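Engineer: Next up is a structure, given as structure tokens.
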Amino acid sequence: VVPGADPSARQLCFAWGPAEVLVCETLFGQRGGSPSRGEGGPGRALLLGALTGCVAGTGEGGPSSSRLFVVRKDQDIYIQTLRKLFNESHGIFIGLQRSEEELAGKSRKAQLVQVSKNYRSVIRACMEDMHQAAISTRDPALHSQYSTQVSILSAMELIWNLCEILFVEAAAAGPLLLRLLDWVRLHVCDVDNMVREVLSSENPSKHKLFWNVVDVFVLQGRMDEARHLLSKEASANPTSVNMYKILDDLMKKMPVPSLGNTQTLTEMELKWQHWHEECQRYLQDGTFASNSHMESICKILLGDEDAILEKKELMTTWYHFLVTRLLYSHPTVKPMELRMDLFLGGESSPEPLDTILMAAFEFEMHQVIKECSIALSNWWFVAHLTDLLDHCKLLQSHNLYFGSNMREFLLLEYASGLFSHHSLWQLGVDYFDHCPEYGRVYLELHIERIPLNTEQKALKVLRICEQRQMHEPVRSICKIMAMKALRNNRLGSALSWSIRAKDAAFATLISDRFLKDYCERGCFSDLDLIDNLGPSMLLSDRLTFLGKYREFHRLYGEKRFSEAGKLLLMLMTAHIAPCSFWMTLLTDALPLLEQKEVIFSAEQTYELMRCLEDLTAGKSDKQKFQVAPDDVETMKVEMLRLALARNLARVIVKEGTLEGS
Numbered sequence: 245v246v247p248g249a250d251p252s253a254r255q256l257c258f259a260w261g262p263a264e265v266l267v268c269e270t271l272f273g274q275r276g277g278s279p280s281r282g283e284g285g286p287g288r289a290l291l292l293g294a295l296t297g298c299v300a301g302t303g304e305g306g307p308s309s310s311r312l313f314v315v316r317k318d319q320d321i322y323i324q325t326l327r328k329l330f331n332e333s334h335g336i337f338i339g340l341q342r343s344e345e346e347l348a349g350k351s352r353k354a355q356l357v358q359v360s361k362n363y364r365s366v367i368r369a370c371m372e373d374m375h376q377a378a379i380s381t382r383d384p385a386l387h388s389q390y391s392t393q394v395s396i397l398s399a400m401e402l403i404w405n406l407c408e409i410l411f412v413e414a415a416a417a418g419p420l421l422l423r424l425l426d427w428v429r430l431h432v433c434d435v436d437n438m439v440r441e442v443l444s445s446e447n448p449s450k451h452k453l454f455w456n457v458v459d460v461f462v463l464q465g466r467m468d469e470a471r472h473l474l475s476k477e478a479s480a481n482p483t484s485v486n487m488y489k490i491l492d493d494l495m496k497k498m499p500v501p502s503l504g505n506t507q508t509l510t511e512m513e514l515k516w517q518h519w520h521e522e523c524q525r526y527l528q529d530g531t532f533a534s535n536s537h538m539e540s541i542c543k544i545l546l547g548d549e550d551a552i553l554e555k556k557e558l559m560t561t562w563y564h565f566l567v568t569r570l571l572y573s574h575p576t577v578k579p580m581e582l583r584m585d586l587f588l589g590g591e592s593s594p595e596p597l598d599t600i601l602m603a604a605f606e607f608e609m610h611q612v613i614k615e616c617s618i619a620l621s622n623w624w625f626v627a628h629l630t631d632l633l634d635h636c637k638l639l640q641s642h643n644l645y646f647g648s649n650m651r652e653f654l655l656l657e658y659a660s661g662l663f664s665h666h667s668l669w670q671l672g673v674d675y676f677d678h679c680p681e682y683g684r685v686y687l688e689l690h691i692e693r694i695p696l697n698t699e700q701k702a703l704k705v706l707r708i709c710e711q712r713q714m715h716e717p718v719r720s721i722c723k724i725m726a727m728k729a730l731r732n733n734r735l736g737s738a739l740s741w742s743i744r745a746k747d748a749a750f751a752t753l754i755s756d757r758f759l760k761d762y763c764e765r766g767c768f769s770d771l772d773l774i775d776n777l778g779p780s781m782l783l784s785d786r787l788t789f790l791g792k793y794r795e796f797h798r799l800y801g802e803k804r805f806s807e808a809g810k811l812l813l814m815l816m817t818a819h820i821a822p823c824s825f826w827m828t829l830l831t832d833a834l835p836l837l838e839q840k841e842v843i844f845s846a847e848q849t850y851e852l853m854r855c856l857e858d859l860t861a862g863k864s865d866k867q868k869f870q871v872a873p874d875d876v877e878t879m880k881v882e883m884l885r886l887a888l889a890r891n892l893a894r895v896i897v898k899e900g901t902l903e904g905s
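With my numbering, letter number 449 in the sequence shown gets 693, and the count goes up by one each step, no holes.
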């Protein structure tokens, strides 16, 4: 339900955005029936649910109470403490895409395992930061939010670690069990406080939780720690020394799979069988009958399921039970022999986490990804895990019915969510880059929706588009920024953007504004830009005129009058100057006509006269409809005619003198 919405009195309308929905109350009355639904892509179900929930609300409404609502998905990207997760995992992701594909066999597998561990270390670091934030905050709502995120991150690391063991590392029989034991020890931390309490007491063997701690060590395969504690019991109770020595010897001799291939599976199984028979013999002989605790430990060593189940409260989770049972009944278990015929704490239906872990133990990778997509609040986890599994060549055969493969689909969803954030969108660009089928299309669609609040941000977006040769978005961005600059009367910036967009029409418009400003103020603004137009001035005739006209002023300022006169005449005779600007150009010719040195030849003077007559002829046609002619314009024309006549006379005399000599 959207708080504050009033759908009972009036209909709601809504529009989908990339990561948000805009909802508003209309002035139309509610006529009943089901609400209309907008079309949304994958991952929009939550939003649609929120909207359909709105229609069930009640309340009164009037025209004055119409309001707008924004419904967001992917709220996690707005949590400040999760920024580390997004930023650091981005670097790992890019490194994986650029890694040497030529590596094969063990080298490639070791590389992928290391990448997986890097991802897990980021999750754990983020979890620790979140835990510290939960401890330090005094706001109950924030504390609850942070605590929830800690639980979610913990579950994410638990799942990822298991997937790393089963799928990425693909541990073989023997080492597999050692990896699973490490996994349990790392993630089953509920008993740590109890262990610390017992070990820190003055007399651990007399502590009421002493045997619980011993049992925990045994259940987790931590034999050295269990033997150390039992030695304290033997010291405190001399009568149990004999039993302790036998049990200690059994625990010491227990065969454990080796990570280095120092023994074959057959050798391991033979050793384990002999050891198992020895444990069975001591139990049947009643060696531990006088001490129920040691007898229980011996039964656990034998893999007695009932004895292990009695310690269910110490294991807290079903997967701890699974690993313990395998340790003492089938230590050389092969990956595909892992099956889930075990207790789930008596629950009628498993929790989402249980469902995901069970799917992993069943080697149902696609089910793991599906369940994680449903259970987790964002796409980060499934996108990065799927990408890693894809690099392990484990998802090659799984294509989706709508075109893209699973890896690309999830990366597109994750990157789309990043684009709704004001700064994380930059990470999303790289994710789209590594989606070969639809990444470029998605990037083009999302890039045009980025709000260009500042010129710096616009340049950043533009650089991204130019690097990827996305010509249409480049033009669009430049046009938008040029229009913004023009509205703020920043003509130099507007001209720069229009040149970058290669927009001739807009460059012409801005050039006209420059010329208009010059006519009003008598000087140019943004001289650095106009002086350095270079080949860009060829974009439009008006821009060419602007650049050349500025060059005329520069030549005149440098007292290069002859070159300035030729350029001025060229601007008029080439017809690139707007007609409205001819009088200004002719007026600029006046100082050149009055110079002591003759600047214009007879032919050039005739050209100027022709331009003046064309201009006055056009003006006289317009003035037929006016009450009175402009006295200033008339005076300018008379002055020009006089100056041109004088110049022509001087030229004729000069040229005649030259011919006579």
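In this text, a Cβ means the ideal position worked out from N, Cα and C, and glycines have one as well. Here the structure is a predicted model, which is why all the values come from computation and not from measurement.
Got a sec, what are the start and stop residues for the beta strand (DSSP E) L256 sits in?
Structural biologist: Per DSSP, L256 belongs to the beta strand (DSSP E) from R254 to W260.
Engineer: By Cβ distance below 7 Å, which residues in the same chain neighbour L759 in space, the five residues on each side in sequence not counted?
Structural biologist: L790 and F825, listed in sequence order.
Engineer: Assign S534 to one of two classes, buried (16 or more other C-beta atoms within 10 Å of its C-beta) or exposed (fewer than that).
Structural biologist: Result: exposed.
Engineer: So, is N405 buried or exposed, given that buried needs 16 or more other C-beta atoms within 10 angstroms?
Structural biologist: N405 comes out buried.
Engineer: Note down, in chain order, each residue of its chain lying with its Cβ closer than 7 Å to the Cβ of A417, except the 5 sequence neighbours on either side.
Structural biologist: Within the same chain, A417 has close Cβ partners L509, T576, V577 and K578.
Engineer: If we count the other Cβ atoms within 10 Å of its Cβ and call it buried at 16 or more, is Y322 buried or exposed?
Structural biologist: With fewer than 16 Cβ atoms within 10 Å of its Cβ, Y322 is classed as exposed.
Engineer: Across the stretch 380-392 and the stretch 476-485, are there enough close Cβ pairs to call them in contact, namely three or more that are closer than 8 Å?
Structural biologist: With a cut-off of 8 Å, the stretch 476-485 and the stretch 380-392 do not count as touching, because too few Cβ pairs lie within range.
Engineer: Could you name the residues of the same chain whose beta carbon sits closer than 6 Å to that of R429, not counting the 5 residues immediately before and after it, in chain order?
Structural biologist: Around R429: Q464.
Engineer: Check each candidate in K476, V432 and I694 and name the one with the smallest Cα separation from E446.
Structural biologist: The shortest C-alpha separation from E446 is found at K476.
Engineer: Please say whether L271 and R254 have beta carbons closer to each other than 8 Å?
Structural biologist: A contact, by the Cβ cut-off of 8 Å.
Engineer: Does DSSP put F330 in a helix, in a strand, or in coil?
Structural biologist: F330 falls in the helix class under three-state DSSP.
Engineer: Could you give the first and the last residue of the continuous beta strand (DSSP E) run that contains R316?
Structural biologist: First-last of the beta strand (DSSP E) with R316: L312 to R316.
Engineer: If you drop the 5 nearest sequence neighbours on each side, which residues of the same chain put their C-beta closer than 7 Å to that of M559?
Structural biologist: Same-chain partners within the cutoff: L463, F565 and T568.
Engineer: Just the Cα atoms here: how many angstroms apart are E615 and Q528?
Structural biologist: Approximately 47 Å, taken between the alpha carbons.
Engineer: Buried or exposed: S667, going by 16 or more other Cβ atoms within 10 Å of its Cβ?
Structural biologist: Looking at its Cβ environment, which holds fewer than 16 other Cβ atoms inside 10 Å, S667 is exposed.
Engineer: Does L292 come out as helix, strand or coil in the three-state DSSP assignment?
Structural biologist: Only weak support exists for where L292 lies, its pLDDT of 36 falling under 50; the value from the coordinates is given anyway. In the structure shown, L292 sits in a helix (DSSP, three-state: H, G or I).
Engineer: Can you tell me where the alpha helix (DSSP H) with W455 in it begins and where it stops?
Structural biologist: Residues F454 to L463.
Engineer: Identify the continuous alpha helix (DSSP H) that holds E699 and give its terminal residues.
Structural biologist: E699 to Q711 is the span of the alpha helix (DSSP H), which, as asked, contains E699.
Engineer: Using a Cβ-Cβ cut-off of 7 Å (strictly less than) and excluding sequence neighbours within five positions of E795, which residues of its own chain qualify?
Structural biologist: Cβ within range, chain order: L811.
Engineer: Which residue from R765, L687 and A748 puts its Cα closest to that of D785?
Structural biologist: Closest option to D785, Cα to Cα, is A748.
Engineer: With distances taken from CA atoms, which of A415, M538, L782 and T849 is nearest L813?
Structural biologist: Closest option to L813, Cα to Cα, is T849.
Engineer: In whole angstroms, what is the alpha-carbon distance linking K556 and D426?
Structural biologist: Distance between the alpha carbons of K556 and D426: 19 Å.
Engineer: Quick check on this structure: which residue in E511, Q507 and I544 has the alpha carbon closest to the alpha carbon of C523?
Structural biologist: Considering only alpha carbons, the answer is I544.
Engineer: Of the residues N362, W516 and M727, which one's Cα is nearest the Cα of P501?
Structural biologist: Answer by Cα proximity: W516.
Engineer: Report yes if the CB atom of E692 is closer than 8 Å to the CB atom of P717, and no otherwise.
Structural biologist: Closer than 8 Å, so yes.
Engineer: Could you name each continuous alpha helix (DSSP H) segment of 4 residues or more that falls completely within the stretch 714-742, going from the start of the chain to the end?
Structural biologist: Within the stretch 714-742, the complete alpha helix (DSSP H) runs of at least 4 residues are 715-731.
Engineer: Could you check if C636 is buried or exposed, using at least 16 other CB atoms within 10 Å of its CB as the buried criterion?
Structural biologist: By the 10 Å Cβ count, C636 comes out buried.
Engineer: If I measure Cβ to Cβ from E899 and keep anything under 7 Å in the same chain, skipping five residues before and after, which residues do I get?
Structural biologist: Contacts found: A846.
Engineer: If we call anything under 8 Å between Cβ atoms a contact, is L503 one with L410?
Structural biologist: Taking 8 Å as the Cβ cut-off, L503 and L410 do not qualify as a contacting pair.
Engineer: To the nearest angstrom, how far is it from the Cα of D526 to the Cα of N649?
Structural biologist: According to the sequence provided, residue 526 is Tyr. The question's Asp does not apply to it. Distance between the alpha carbons of Y526 and N649 is about 58 Å.
Engineer: CA-CA distance, H819 and D756?
Structural biologist: Distance between the alpha carbons of H819 and D756 is about 15 Å.
Engineer: Contact defined as beta carbons within less than 8 Å: I believe T831 pairs with K792. What is the distance between those atoms, to the nearest angstrom?
Structural biologist: Not really, about 17 Å apart at Cβ, beyond 8 Å.
Engineer: Would you mind sorting M992 into buried or exposed? The rule is 16 or more other CB atoms within 10 Å of its CB.
Structural biologist: In the structure as shown, the chain starts at 245 and stops at 905, and residue 992 therefore has no counterpart that could be examined.
Engineer: By the three-class DSSP mapping on this structure, what secondary structure does C407 have?
Structural biologist: C407: helix per DSSP, three-state reduction.
Engineer: Return the first residue and the last residue of the alpha helix (DSSP H) that H518 is part of.
Structural biologist: It spans L509 to Q528 - the alpha helix (DSSP H) in which H518 sits, taken as one unbroken run.
Engineer: According to DSSP, is L836 helix, strand or coil?
Structural biologist: Here L836 sits in helix by DSSP.
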